[in-house]
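Residue numbers (this note's numbering): 27 to 338.
Ideal Cβ positions, reconstructed from N, Cα and C, are used throughout, including at glycine.
One structure is given below, encoded as structure tokens.
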């Protein structure tokens with residue numbers, strides 16, 4: 027009963043947090059005259075990835091490296107196979123050249139870099155973490171200086187420029203609500219899952235990863251409902267990049283991460299690479315430069331197969 031209460035309270039906090047975070051992101055985009063997808067890939071994705079960072083650092087420090095790795099790999103899979111799927115089922119997203127010229131390639135570079143660092147020796151070392159965080163910093167500088175609009179946005183008329191103190195307030199309260207909600211959700215979900223004697227890797231790759239992806243889901247769904255699709259897509263791509271380069275980068279700088287369960291290297295990491303790559307052809311087919319409900323259903327089916335194969 028206590029676990030169920032944690033889950034319900036967590037979801038409530040996540041919904042409110044997602045709404046506040048979106049409001050601050052739109053206002054910040056207008057105030058600074060920055061494309062909304064850049065705000066989505068920086069401010070919103072950083073805030074919604076905070077649970078992954080907290081969970082992974084804590085898990086690694088407490089001696090649960092598979093939970094730290096599984097959380098990030100699983101979250102990246104869930105962000106695309108679950109969150110993006112639900113988002114585009116609710117409303118199609120039209121994309122522009124910037125998406126496949128910059129954003130998607132950067133996500134793939136981060137994914138392959140992580141793969142190269144951990145696949146051959148099963149350890150993410152401190153110096154590798156430094157390289158990952160450095161790459162993220164370079165990418166953020168590029169984004170803020172050169173990134174153009176990558177998503178056709180519907181520019182709703184209710185966009186208003188909020189006072190700076192309100193932007194900071196909504197950003198802070200929204201981020202804290204997302205963090206608190208994810209903590210409650212994770213506590214309840216892990217409590218339920220552990221009663222079935224599931225391994226750290228499986229809990230991390232499924233239950234915890236979905237729990238820490240709920241902020242992305244909340245922020246993205248609310249963004250779509252409010253016609254802020256640029257923030258929605260930017261949030262998900264940015265979160266995947268941030269999860270790999272910042273979450274695992276910072277975690278490995280604090281303490282090197284060693285793979286314990288080989289299932290992470292023989293299966294999970296390939297699912298992450300595969301579903302990340304799949305986004306590109308889906309953008310072009312069946313309808314050019316658009317992610318629609320058919321793409322969402324396909325992504326959801328891929329995610330369902332992944333979960334089934336992991337749990338069986």
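Tell me which same chain residues have a C-beta within less than 6 Å of the C-beta of residue 294, skipping the five on either side of it? Mapped onto the chain shown, residue 294 falls at position 268. Leaving aside the five residues that flank residue 294 on each side, the residues in its chain whose CB is nearer than 6 Å to its CB run, in chain order, 99 and 231.
For the region 84-101 against the region 201-208, are there 3 or more C-beta pairs whose distance is under 8 Å? no
Relative to the C-alpha of residue 303, which candidate in 80, 47, 313 and 328 has its C-alpha closest? To locate residue 303, count along the chain shown from 1; it is residue 277. Selected option, being the one with the closest Cα: 328.
How about residue 91: is its C-beta nearer than 8 Å to some C-beta of chain D? Going by chain labels, chain D is absent from the structure shown, which holds only one protein chain.
So residue 126 is in the alpha helix (DSSP H); what residue range does that whole segment cover? Numbered from its first residue, the chain shown carries residue 126 at position 100. Counting along the chain, residue 126 falls outside any alpha helix (DSSP H), and DSSP gives it neither H nor E.
Could you check how far apart the C-beta atoms of residue 239 and residue 101 are, in whole angstroms? I think they sit under 8 Å. Position 213 of the chain shown, counted from the start, is the residue given in the question as residue 239. Position 75 of the chain shown, counted from the start, is the residue given in the question as residue 101. Contact flag correct, Cβ pair sits at about 5 Å.
Between which two residues does the alpha helix (DSSP H) carrying residue 102 extend? Residue 102 sits at position 76 when you count from the first residue of the chain shown. Here the alpha helix (DSSP H) through residue 102 covers 91-104.
Tell me which residues share the same chain as residue 54 and place their Cβ nearer than 8 Å to its Cβ, disregarding the 5 neighbours each side in the sequence. Walking along the chain shown from the start, residue 54 turns up at place 28. Within the same chain, residue 54 has close Cβ partners 60, 65, 69, 193 and 197.
Between the C-alpha atoms of residue 189 and residue 267, what's the straight-line distance to the nearest angstrom? Numbered from 1 along the chain shown, position 163 holds the residue referred to as residue 189. Numbered from 1 along the chain shown, position 241 holds the residue referred to as residue 267. Straight-line Cα distance between these residues: approximately 30 Å.
Can at least three beta-carbon pairs, one atom from the region 274-293 and one from the region 154-171, be found at a separation below 8 Å? yes
Report back the beta-carbon spacing between residue 223 and residue 73 to the nearest angstrom; my notes put them in contact at under 8 Å. Sequence index remark: in the chain shown, residue 223 carries index 197 (1-based). Sequence index remark: in the chain shown, residue 73 carries index 47 (1-based). About 34 Å separates the two Cβ atoms, so there is no contact after all.
Among residues of its own chain, excluding the 5 on either side of residue 183, which ones have a beta-carbon nearer than 6 Å to its beta-carbon? Residue mapping note: residue 183 aligns to position 157 of the chain shown, counting from 1. In this predicted model, residue 183 has a pLDDT of only 45, less than 50, meaning its place in the structure is not dependable; the value taken from the coordinates is given anyway. If we look at residue 183 and ignore the five residues flanking it on each side, it has no Cβ neighbours.
I'd like the span of the alpha helix (DSSP H) that includes residue 322, first residue to last. One-based indexing of the chain shown puts residue 322 at position 296. Run containing residue 322: 319-337, per the alpha helix (DSSP H) assignment.
Proximal residues to residue 37 (C-beta, below 8 Å), its chain only, five neighbours per side dropped: Numbered from 1 along the chain shown, position 11 holds the residue referred to as residue 37. For residue 37, same chain residues with a beta-carbon under 8 Å away, outside a window of 5 residues either side, are 207, 211 and 240 in chain order.
Keeping to the same chain, check which residues put their C-beta closer than 6 Å to that of residue 162; ignore five residues upstream and five downstream. In the chain shown, residue 162 corresponds to position 136, counting from 1. These residues qualify, in order along the chain: 271 and 272.
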